[in-house]
Each structure stands twice: as C-alpha cells, then as structure tokens.
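Below you'll find the structure, written out as structure tokens, and then a few comments.
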Amino acid sequence: MVTTKKLRESYNETQHKIVGYLNSGITKGKHYFKSKYIAKDLGLSPKEVGTNMAILADICKELTIIRWSYSNSTTWMVTPRAI
Numbered sequence: 029m030v031t032t033k034k035l036r037e038s039y040n041e042t043q044h045k046i047v048g049y050l051n052s053g054i055t056k057g058k059h060y061f062k063s064k065y066i067a068k069d070l071g072l073s074p075k076e077v078g079t080n081m082a083i084l085a086d087i088c089k090e091l092t093i094i095r096w097s098y099s100n101s102t103t104w105m106v107t108p109r110a111i
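Under our numbering, the first residue of the sequence shown is numbered 29, with each subsequent residue one higher.
Structure follows, in structure tokens:
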C-alpha cells in the first residue's frame with residue numbers, strides 16, 4: 029500500500045483528494061464514478077475533476093482508471109490495480 033507521504037509526492041492536492049475518494053468508494057463496492065458527483069462531494073468543479081481524472085488515468089499506480097461513458101457527465105470505471 030502506498031503511504032500518504034508518497035501520495036503527496038506523486039499527486040497534487042486535488043489529485044490526492046480524488047484518489048482518496050475513489051479508494052473510499054472502492055472499499056464500499058463502487059466501481060463507477062461520475063465526475064459531477066465526485067465534484068459535488070469534494071467541492072470541486074466537474075471540469076477540474078475531469079481534467080485530474082484524465083491525468084490520474086495515466087499516472088495512478090494503485091488504481092486503474094478508464095473513461096467509461098459520457099451521458100450528462102463523464103463516468104469513470106475505477107478498479108484496484110493488480111500488483
């Protein structure tokens with residue numbers, strides 16, 4: 029498991045919040061997340077979430093993040109990355 033210190037070194041503050049939110053959702057059994065709901069829950073704009081999710085899809089080592097669909101808001105499929 030990645031330590032909080034390593035997370036802060038790898039991601040900016042917004043990305044750190046999003047990764048924490050996604051990890052929390054995954055532990056509750058969720059695998060699909062809409063940008064607008066992430067934004068609402070974290071106090072961010074949907075555009076800010078979408079931009080950072082696209083970056084995280086490329087750089088996040090602990091989660092697999094895939095742009096899944098777009099209908100009224102981008103939906104992301106998120107799963108733990110296999111070690």
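Heads up, the beta-carbon is just placed ideally off N, CA and C, and yes, glycines get one too.
Cβ neighbours of Y60 within its own chain (closer than 8 Å, five residues either side excluded): W96, T103, W104, M105 and V106. Taken in chain order, the complete alpha helix (DSSP H) segments of 4 residues or longer contained in the segment 68–94 are 74–87. The DSSP-derived three-state label of S38 is helix.
For K62, the enclosing beta strand (DSSP E) stretches over residues Y60 to K62. Taking every protein chain shown into account, the CB of Y98 has fewer than 16 other CB atoms within 10 angstroms, so this residue is exposed.
The C-alpha of T42 is placed about 11 Å away from the C-alpha of S73.
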